[in-house]
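Here the sequence shown stands for residues 0 to 118, numbered as in numbering that gives the first Met the number 0. Glycine residues also receive a C-beta, built at the ideal position from the N, C-alpha and C atoms. Working notes, structure below.
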Amino acid sequence: MKMVMVIGLAVITAAAGIAPVEAQQTRREHRRMNWSENLPEAVRTYHDRRFTIVSYRIAGFSETGSHPSPGSDEQVKAIRDAIRANKWLIAQLKAKKLTANDIEWVSRARNGNMTFYTK
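Spelled out as structure tokens, the structure:
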């Protein structure tokens with residue numbers, strides 16, 4: 000009986016150790032997806048998914064949570080070029096009276112949706 004309890008406790012302890020490791024790998028993957036070198040390609044191929052527009056000026060922290068800082072001028076240019084290369088996205092932004100030049104930064108959610116940050 001004691002041996003079964005010891006084995007059961009070992010299995011539970013091992014399973015509890017797996018969840019934090021998986022969560023850490025998921026967070027690491029999420030950060031990798033939002034690195035600037037991965038974002039231009041994701042923006043270029045973005046299609047038929049939900050996206051959100053958030054203004055850096057208007058939306059406060061209490062309304063939308065923290066905002067990512069824009070990348071360097073070179074990284075922002077790469078994002079804007081990727082937007083210009085995506086005809087579907089250009090049409091979606093135009094419907095919201097925005098252009099690629101209005102976009103300051105982009106972040107990608109774990110489910111693939113994107114948030115576009117404007118001036």
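In this structure, G111 is the residue among S71, K95, G111, N37 with its C-alpha nearest to the C-alpha of R49. Boundaries for R109: no beta strand (DSSP E) harbours it, and the DSSP string shows neither H nor E there. Straight through space, the alpha carbons of T117 and D101 are spaced by roughly 5 angstroms.
Per the DSSP secondary-structure output, Y116 pairs in a beta bridge with V53, W104. P67 carries a coil assignment under DSSP once its states are collapsed to helix, strand and coil. Closest option to A41, judged by alpha-carbon separation, among A94, K96, I82, A90: I82. In the three-state reduction of the DSSP assignment, R48 falls in the coil class, being assigned neither a helical nor a strand state. Check the Cα spacing between Q91 and each of R109, M113, Y55: the tightest is with M113.
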